[in-house]
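Peer 1: Numbers given in the numbering used here equal positions in the sequence shown, counted from 1, plus 134.
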Amino acid sequence: MTLVEKFLALRSVPLLSELDDSEISLIADVARSCDFSPGARFCAADRCLQRLYIVLDGCIENEQGQCMPQVLGAASLLFNLPVSSSLNASASKGAKCLVVGKSHFFTISYQCPGVLCGLLKSDSFETSVPEKSGGRA
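#1: From the DSSP secondary-structure annotation, give me the bridge partner or partners of Val-233.
#2: With three or more beta-carbon pairs closer than 8 angstroms as the criterion, would you say the region 147-160 touches the region 206-218?
#3: Buried or exposed: Leu-142, going by 16 or more other Cβ atoms within 10 Å of its Cβ?
#4: Rank Asp-180, Met-135, Phe-176 by C-alpha distance to the C-alpha of Arg-166 and give the top, closest one.
#5: Output the boundary residues of the beta strand (DSSP E) element that contains Arg-175.
#6: So, at 6 angstroms on beta carbons, what are the nonlocal neighbours of Cys-246 in its own chain, with the 5 sequence-adjacent residues on each side left out?
#7: Distance check for Ser-243 and Asp-155, CA to CA, integer angstroms please.
#8: What residue does the alpha helix (DSSP H) around Leu-153 start on, and which one ends it?
#9: What does the Cβ neighbour count give for Phe-170, buried or exposed, with the cut at 16 atoms within 10 Å?
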């Protein structure tokens, strides 16, 4: 993905909608694109996520097949909390994500506290709670 494509994709994420263009640009600059094939293992149970994941297409599912929040990994990064169940890319569609490494996540949190505040207020902060809306199409 180009920087512009990442910027536009991030701009469409509801959790990030209140950020200004410079904050979105900062995230787009450090995020890398990662595709998970259908059913691919995302994270084993009782493991901590080492990156922040922003799901752009498809979804990440728990063991019960329920979609996780669109942005996940904040609790693992901030508090070293493991996920409570194994996570896999959607069996039917897989998942296309933007990924932010741990060090970049902390830099962004320091430079753009609005990102961290948004994560703390959202369901995305829960790493093991399925998304209420049932996922993305």
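Note that beta-carbon positions come from the ideal geometry of N, C-alpha and C, so glycine has one too.
In this text the structure is predicted, and so the values were computed from the model without any measurement.
Peer 2: Taking the structure as given:
#1: Position 99 of the sequence shown, counted from the first residue, corresponds to residue 233. Answer is Arg-166, Tyr-187.
#2: no
#3: Position 8 of the sequence shown holds residue 142. The residue in question, Leu-142, is exposed, as its Cβ has fewer than 16 Cβ neighbours within 10 Å.
#4: Taking the first residue of the sequence shown as position 1, residue 166 is located at position 32. When only C-alpha atoms are compared, the closest one is Met-135.
#5: The sequence position of residue 175 within the sequence shown is 41, counting from 1. First-last of the beta strand (DSSP E) with Arg-175: 175-177.
#6: Your numbering for residue 246 matches position 112 in the sequence shown. The answer, listed in chain order, is Glu-157.
#7: Mapped onto the sequence shown, residue 155 falls at position 21. Mapped onto the sequence shown, residue 243 falls at position 109. The alpha-carbon atoms of Asp-155 and Ser-243 are separated by roughly 16 angstroms.
#8: Residue numbering aside, residue 153 sits at position 19 when the sequence shown is read from its first letter. Counting along the chain, Leu-153 falls outside any alpha helix (DSSP H), and DSSP gives it neither H nor E.
#9: Translated into positions along the sequence shown, residue 170 becomes position 36. Counting Cβ neighbours within 10 Å, Phe-170 comes out buried, since at least 16 surround it.
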